[in-house]
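When we follow UniProt numbering, the leftmost residue of the sequence shown carries the number 1, and every step to the right adds one.
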Amino acid sequence: MDNRNSTEDKPVQRSKSFSFKTQKEVCASCEKTVYPMERLVANNLIFHNTCFCCKHCNAKLSLGSYAALQGEFYCKPHFQQLFKSKGNYDEGFGRKQHKELWQSKEAETITKTP
1 MDNRNSTEDK
11 PVQRSKSFSF
21 KTQKEVCASC
31 EKTVYPMERL
41 VANNLIFHNT
51 CFCCKHCNAK
61 LSLGSYAALQ
71 GEFYCKPHFQ
81 QLFKSKGNYD
91 EGFGRKQHKE
101 LWQSKEAETI
111 TKTP
């Protein structure tokens with residue numbers, strides 16, 4: 001007597017079409033599809049090699065030549081220049097200084113106190 005299971009008697013069915021169903025990756029700058037050969041990841045964001053540019057001068061950046069601040073990317077010379085122009089990261093990059101935010105909160109607490 002043959003003790004083989006009935007499943008072993010049947011040939012294995014293989015799919016004739018094979019495809020990877022992967023999620024398309026989109027460039028954080030141009031919002032177009034990024035293919036593996038042109039993919040660059042910086043600060044957990046995906047870019048095309050050509051889209052990864054300095055916000056100030058639009059020069060092409062590499063993983064060793066950029067500095068990031070609050071989701072924006074700069075070449076190292078402009079990052080330093082913008083910092084030095086005002087002496088802090090906020091004003092140099094066009095934002096309100098944190099001390100101004102603190103002063104406005106202190107003024108609110110003083111006016112609310114009976």
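All C-beta atoms in this analysis are idealised placements derived from N, C-alpha and C, irrespective of residue type, glycine included.
Since this is a predicted model, take the numbers as computed values, not measurements.
Assignment of beta strand (DSSP E) within the stretch 11-86, counting only whole runs of 3 or more residues, yields 39-42, 45-48, 66-69, 72-75 in chain order. Rounded to whole angstroms, the gap between the alpha carbons of PHE83 and ALA42 is 21 Å.
About 14 Å separates the CB atoms of SER65 and LYS55; that is not less than 8 Å, and the two are not in contact. A straight line joining the alpha-carbon of ALA67 with that of ASN44 spans about 14 Å.
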